[in-house]
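Here the structure comes first, spelled out in structure tokens, and everything after it is commentary.
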């Protein structure tokens, strides 16, 4: 039997930017016995979640649900729309943008990787003007797709997708627009249709509050048209059969039934709360978290306040301090997991997740754990981040969102 | 389906002094399907929990487990040992001592209620010398039992049971010694055999980290002897048949099977951590909590530092402040439940539970919730209790009690 | 961790007449974290279950819910209404009627035990004429209560409670009518108000499909009036405070919160199916089971077809065959639990439960287990009970009760 | 909230050949909160399951675990080892072999599809001599891989993989041997190393008793060598990074954490029972099932008794009877799911799963459901399959495999 928690008592605080804490309600829903994926009850479940997930992406177009984790959905976006040797314009916002680019290379595409030099690009969102310029220069329309990350999980920086859309339009370029919002969906506002995104990639283990294991492609008409001519080999990821069978609520191969139970519950929770309320909640907690970082006198990884992430906050440790040693100390003393620094930021920062099933006191617990851990690590702090966060929260009181008990 | 939580997201903080938060591990164990309470597997389960629970009471004598909540175990203690009209010496430590006394009256006993005048007795533990004096005066041995509460849940005051034992012995009085440690067991050190207690009463929903629904009588040889002559009517509560059938791991009537699953798991957790570690953990968190209260400039209900409870801390609100209004505000804004003031303390205090499945960050979350709530309620605080508690915890670092992951 | 099932694979078949199999849906509901039993969500839960349970008893009067198993509710019925030395007329239908009578003795009452001689009374229901005769003879109204069992779990015999009511009325006797329907409720039709019952006793682990641990007293106005003068000592079981606090959805002492979650779910399930459908389902399965027993050439314990229990069927083994040895063999080979013979029937019969969360195939599985076990035990069977039961089920097709999937 | 079961009471019987019924124990394990997939506890979990799963495949070589369902693992086997345009020799045993072949085409490979004409090949296992002959003819070694299905889920036929290995060896052909044992693993004996398989493909939702969502590639040294030169594009499915990171118990991208909890539990269960015991249990139930089909006078889809599947039995309905209408009737009346006829067998057969968490009474329940359903459908049966199965089970008594209760 599983006895995973190495700490003797109390609840683990999972404050990484995903997987986010899975609510009990969802864990209970997922423990419903697996049913026949060809039976009538499954069909009803399928139709429900396929309809509900569209509301989360703010789209009227199909959303493909894969029984695979988010990296697979990256691959699906590329191999359904592109052909070997195609040029794709990608933008370096951080570690995950870099991984997506590497994947494009592995699949035989030719990614061009735009971005700002050094670490600077990892502190700001996508610069839409750079994209526009590059597309204008591509008079031959060699570039088949523009790929950007909406919420860069490795840094805590979001990007203005509407601006990217405007850039593509301004350049009058026919490239597809593909966006990864794996960690942004259901935490930050996202509008697949309004922003004219052709393929949006997402996953289950972030704002949807599910365990990892299912992932998504929201697909525009233009993308489906492109898929008819795309020649990258594909089978498992192929949209056509899935979209066709989804009309009845089924899948061409065995779906991840118990995660779909969880998705059904998550949709009830999120749509029940209301997406705007969900976004406002994330913004409030993120602001309180940043107030704490500022009070500590530490630097926030995101250098552009207009694109602070509502999902996570990247905290840079002072020169000479190994951020992973601090994380380890906090884990051992306070039973809390924080996100590590990835790629170029290895050892230089830690990431505080404040997404999904999180509330004021969860955040405050996390911040006390950070503050105590930073002190135990011998780091001089300018002031109490905890006090600053409490000030923020008490001066920005959430309308007590009490629902009627049922 | 149950959707009880009226708050839209995040985990409720249950910081009342019981029911304490039930660990997921126990909830999962309790969801094992109910089995035949006369079958061989049940017998093995029964023997396991009957043996393990003795270690928690620190006794080699029988512990009777009732499929009933704690109030029933109070009644069991009385009706197994006493006869109509018997005089019992009880001591007023607070609301629960008062309720036990009322029960004795309801059952046709004659309780004498010792204690200090007014609210003073509710701020201190049992004064053993008062008991000794009363027993010495009872030369006719009219008093059949002395009943005291070990950890008064309504106030956050413990009592020195060893001292009460010495008092009875010093008076050379034959009265039975009965102790309620419903909220003390498995959080505060308790020694049924060493302290010469005749009947110890406890319940499931506090230090044992279980939902309410089972309760206990640990029973001395002297108490069992007394039960042979006790004439209060009894059937459901009768020890004799239960103790007899328990020898094979069974009960004379249907036991509360799924709570016994939970008890089995709780015993694995508590005995696996080690009772001394469990007690030290409670003491440390309680001290941090009191540091916070002191820093706020509020008064702790317990006026005698030598008997501060490791289970809960009673916090008095300033004159004119309705403690229940503060509790309601905290519940609505911060999704945290605190204990109300009971009986004589109605509206004058709130109680912070820090027992059972609680760790540093859970406590800190609770204290930030209190501090923010007190501020929102307009109460002037002397300083930051949260900062004081963090100071305490970082200067009294728990040995990082990491177990090997399995 | 619990690994209770001693069989390596497949699901245990719990075919005892209670605890009945707990549906997954209820186990999941019960795994909701324990909440504050004084908070607003609890109040809403309390009001819901207190209202719903009345529908199950078919009463408009209060139903008291105890955090204790069914034996406790027997005691509650007696001690709330009677005084030491009171005469109560009880009727011997089987082992449980006998235990209730013993309890009355233990509590200081004077039970008179009506019934047919030897084992005969254990094969038939209550003979209302005997009760009427005895009451007519009691011109002094010494008898304070008539106590009968509605569905005798030890034998599989129900009793006609309406007839008992008529008998009391015919005798124009003021005695209270108290009925145990611990194993009948929510499986067999029961009408607390229409039948003029004063106290109905029931429990959770039978037709309500819950684990054991809560129990009930449905209470008439007359019973509540009687309780004002009843002098048996009582505290835990006292109706008055409970009924008073229940008005707001709360209890005077800690309720069994997680079982109330389960009760809430059970009410949704049972009332959703509709009580009449529930009863018809039980009747159909019981008839199929009896068809099997008849085909085997074995005798049914209940000798009066008009009072066959819809809850369980008692099967007598041939002379010289130890029924418990057969049960043990079936348990070991086929991972199925059957009920043992109790009291006078020890070793002479086994009991097949077909109540609660049971359907055609569960019953058929149980009957194949019995048939194979009987054969392995060397018992000569007249024919195939399994075939007979299949014939019954296919010729009495349940209206396919498909609900719309949600 | 999910209320998927459209039947009012009792447990659904999931008797399709996968997803198989998930044991409660595994559902409980899967409800453990999701943890940090980069933390120390995850590493310990990862190492445990990566080690344990090798025992199930009987291999000392790496087993890659994908956070994707089984169809993905098919693709992984192909794209890690082959290059565009490669010829692969596949063998038509049924619907799933046909789907795998279609996938090979979709990925740009050139499958040759061996097999017997018409429906005959769907009634027998792989004919190794046909493979040997084809390979001998391939003197240029154009064929890069031989792909066969070990347990064809659409028909209930297994294939002799050792014989296929011998055929390849006899032809002295360097082709890789790839085997799909998605539905055979942990139900039928399978020996990756001994049989010299290069890539074995499997999934979670069959003999491993898990929900769908993870899948496997067991990989030989020769296959890994081939992967260095294979040119089908790949990223998500690429073995190299996964095998490298698996050395520490981690994955290069987010794994399906909660299904790995389930896998950990499943390994404990299966290895605890012992693989040989697991296989014998499946063989015994399968034989009883076939005894039933024979007694009904219906034909078994598998025409070669030497390769009857221990996992499922395909039952052909009489000419003119729509098997799906029978399945629907059984579903509606008896709350049981059976497998449909797939591909060439659409409407001509149904499939009874008897794999995974199944025991004697589950099987008997399923067979009574079939027998009653067949009768209600108006099909003339030769005799009682239920009686025949009971005869088989009682004359082939399983050693009562009682474990000591813990």
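Protein chains in written order, with the UniProt record's numbering: chain A, 1 to 406; chain B, 1 to 406; chain C, 1 to 406; chain D, 1 to 406.
We put the CB at the ideal spot given by N, CA and C, even for glycine.
As the structure is a computational prediction, the values presented were derived from the model and not from experiment.
The continuous alpha helix (DSSP H) containing residue 45 (chain D) extends over residues 40–57. Sequence-distant partners of residue 192 (chain A) (beyond 5 residues in either direction) whose C-beta falls short of 7 Å from its own C-beta, in its chain, are 57, 58, 59, 200, 218. Residue pairing by DSSP places residue 110 (chain D) opposite D:87 in a beta bridge.
Per DSSP, reduced to three states, the secondary structure at residue 123 (chain B) is helical.
Rounded to whole angstroms, the separation of the alpha carbons of residue 397 (chain D) and residue 118 (chain D) is 40 Å.
Excluding its 5 nearest sequence neighbours in each direction, residue 365 (chain D) has C-beta neighbours in its own chain below 7 Å: 13, listed in chain order. CA-CA distance, residue 44 (chain C) to residue 264 (chain C), rounds to 11 Å.
Within the same chain, 385, 388, 389, 391, 392 come within 8 Å of residue 291 (chain D) by CB-CB distance, once the 5 residues on both sides are set aside. Straight-line spacing of the CA atoms in residue 154 (chain A) and residue 288 (chain A) works out to 20 Å. In this structure, DSSP gives residue 208 (chain C) a state outside helix and strand, which the three-state scheme calls coil. For residue 317 (chain B), DSSP assigns no beta-bridge partner whatsoever.
Under the Cβ distance rule, residue 375 (chain C) counts among the residues neighbouring chain D, one pair being separated by less than 9 Å. For the pair of segments examined, the region 133–141 of chain C was found not to touch the region 66–81 of chain C: the number of CB pairs separated by less than 8 Å stays below three. In this structure residue 145 (chain D) is buried. Its beta-carbon is surrounded by 16 or more other beta-carbon atoms within 10 angstroms. Residues of chain A whose Cβ lies closer than 8 Å to the Cβ of residue 37 (chain D) are, in chain order, 19, 212.
A straight-line Cα-Cα distance of about 48 Å links residue 183 (chain A) and residue 151 (chain B). Excluding residues up to 5 positions away in sequence, 241, 242, 245 lie with their Cβ nearer than 7 Å to the Cβ of residue 252 (chain B) in the same chain.
For residue 31 (chain C), the nearest beta carbon of chain A is closer than 9 Å to its own beta carbon.
Residue contact with chain C for residue 41 (chain D): absent (no Cβ-Cβ distance below 9 Å to any residue of chain C). Counting only Cβ-Cβ distances below 7 Å, residue 28 (chain B) has contacts in chain D at 28, 31, in chain order. Shown here for residue 19 (chain B): same chain residues with a beta carbon closer than 6 Å to its own, the five before and five after excluded, namely 205, 212 in chain order. Cβ-Cβ separation between residue 110 (chain C) and residue 87 (chain C): approximately 5 Å, consistent with a contact (criterion under 8 Å).
Assigned with DSSP and collapsed to three states, residue 359 (chain C) falls in coil, not helix or strand.
For residue 191 (chain A), the secondary structure class from DSSP, reduced to helix, strand or coil, is coil.
The alpha-carbon separation between residue 369 (chain A) and residue 335 (chain B) amounts to approximately 20 Å.
For residue 301 (chain B) against residue 123 (chain B), the beta-carbon gap comes to about 6 Å, under 8 Å, which counts as contact.
Contact check for residue 249 (chain B) against residue 48 (chain B) passes: the beta carbons are separated by less than 9 Å. In the structure shown, residue 147 (chain A) adopts extended strand secondary structure according to DSSP, grouped into three states. In this chain, the alpha helix (DSSP H) harbouring residue 334 (chain C) covers 323–334. Look at residue 7 (chain D): its C-beta is under 9 Å from a C-beta on chain C. Where residue 395 (chain D) is concerned, there is no enclosing beta strand (DSSP E), although the alpha helix (DSSP H) around it starts and stops at 385–395. The beta carbon of residue 115 (chain B) is closer than 7 Å to those of 91, 92, 121 in its chain, skipping five residues each way along the sequence. Listed in chain order, the alpha helix (DSSP H) elements of length 4 or more contained wholly in the region 216–265 of chain C are 221–227, 239–246.
Rounded to the nearest whole angstrom, the C-alpha separation of residue 310 (chain D) and residue 316 (chain D) is 17 Å. Among the CB atoms of chain D, none fall inside 9 Å of the CB of residue 349 (chain A).
Closest in C-alpha terms to residue 156 (chain C), from the list C:197, C:367, C:339, comes C:339.
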